[in-house]
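All remarks here apply to the structure that follows.
Residue numbers (my numbering): 7 to 159.
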C-alpha cells in the first residue's frame, strides 16, 4: 500500500505498466508517497473541477485515483463488488473479510494544512495582476476622500 506506484520501476524493458506495482515516467497512476507528502484520501476539488492544481505536491488532497484509493485511510476498507472472482491486476478493494481493513482515521484535511499549501502555491506561482497595480493608501479609501472625489458626468 505504501510503495505501490510510488517507487520508480527499474525494469529496462517494455512491460505492462497496469500490472507493475512500480511508478513509470509519464504514467497517470504514479502517486506521491503519503509518508513524505501529507495528502489525505480526499479528492482534490481543483483536480476534479479543472484537471490541475496550483498547489502541486504541497496539496493536502489526493490528485488521482491511485492517490485516492491507495491512501491508508481508503485502501481495502470496502469489499470489492466482484468479490473473490475479481480479475483486476491491481484492485483497491478487499476480496474477503480477512482482507478488509479498518483505517486508523477517517480522511481529513485541516484548514491549517489547506491554508499552508495555498500560501506555498501562491509563493511559487504569484498571480500576474498581484504586482501590476499598487493598492491605494488606506487614507485614499476613507469616506471623506471618496465623498470629495468627482463623479463622471
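The C-beta atom is built at its ideal place from N, Cα and C for all residues, glycine as well.
Anticipated Cβ contact below 8 Å, residue 38 with residue 63, distance rounded: Residue numbering aside, residue 38 sits at position 32 when the chain shown is read from its first letter. Residue numbering aside, residue 63 sits at position 57 when the chain shown is read from its first letter. Cβ atoms of residue 38 and residue 63 come within 8 Å of each other, at about 6 Å.
Secondary structure of residue 14, DSSP reduced to three states: As a first step, residue 14 is located in the chain shown; it is residue number 8 there, counting from the start. Look at residue 14 here: in three-state DSSP terms it is strand.
Three-state secondary structure assigned by DSSP to residue 95: Within the chain shown, residue 95 is the residue found at index 89, counting from 1. DSSP places residue 95 in coil when its eight states are reduced to three.
For residue 74, the first and last residue of its enclosing alpha helix (DSSP H): Within the chain shown, residue 74 is the residue found at index 68, counting from 1. Residues 71-75.
Residue 100 - partner residues in DSSP beta bridges: As a working note, residue 100 is residue 94 in the chain shown. Under DSSP, residue 100 shares a beta bridge with 85.
Status (buried if at least 16 other CB within 10 Å, exposed otherwise) for residue 21: Translated into the one-based positions of the chain shown, residue 21 becomes position 15. An exposed status is given to residue 21, since fewer than 16 other beta-carbon atoms sit within 10 Å of its beta-carbon.
Length of the line joining the Cα atoms of residue 48 and residue 42: Along the chain shown, read from residue 1 onward, the residue named residue 48 stands at position 42. Along the chain shown, read from residue 1 onward, the residue named residue 42 stands at position 36. Approximately 17 Å, taken between the alpha carbons.
Meets three-Cβ-pair contact criterion under 8 Å: the stretch 55-62 and the stretch 78-98: Contact between the stretch 55-62 and the stretch 78-98 is absent, because fewer than three Cβ pairs lie under 8 Å.
Range of the contiguous alpha helix (DSSP H) that encloses residue 56: Taking the chain shown and counting its residues from 1, the one referred to as residue 56 is at position 50. Here the alpha helix (DSSP H) through residue 56 covers 51-56.
Pair within 8 Å by beta-carbon distance, residue 122 and residue 100: For the purposes of this step, residue 122 is taken as the residue at position 116 of the chain shown. For the purposes of this step, residue 100 is taken as the residue at position 94 of the chain shown. No, they are not a contact pair.
Cβ-Cβ distance between residue 68 and residue 50 below 8 Å: Counting from 1 along the chain shown, the entry for residue 68 is found at position 62. Counting from 1 along the chain shown, the entry for residue 50 is found at position 44. Yes.
Beta-carbon spacing of residue 11, residue 29 below 8 Å: To locate residue 11, count along the chain shown from 1; it is residue 5. To locate residue 29, count along the chain shown from 1; it is residue 23. Contact: yes.
Within 8 Å, strictly: CB atoms of residue 27 and residue 78: Locating residue 27 in the chain shown gives position 21, where the first residue counts as 1. Locating residue 78 in the chain shown gives position 72, where the first residue counts as 1. In terms of Cβ geometry, residue 27 and residue 78 do not form a close pair [threshold 8 Å].
Buried versus exposed, by CB contacts within 10 Å (16 or more), residue 24: Counted from its first residue, the chain shown places residue 24 at position 18. Residue 24 is exposed by the Cβ-count criterion.
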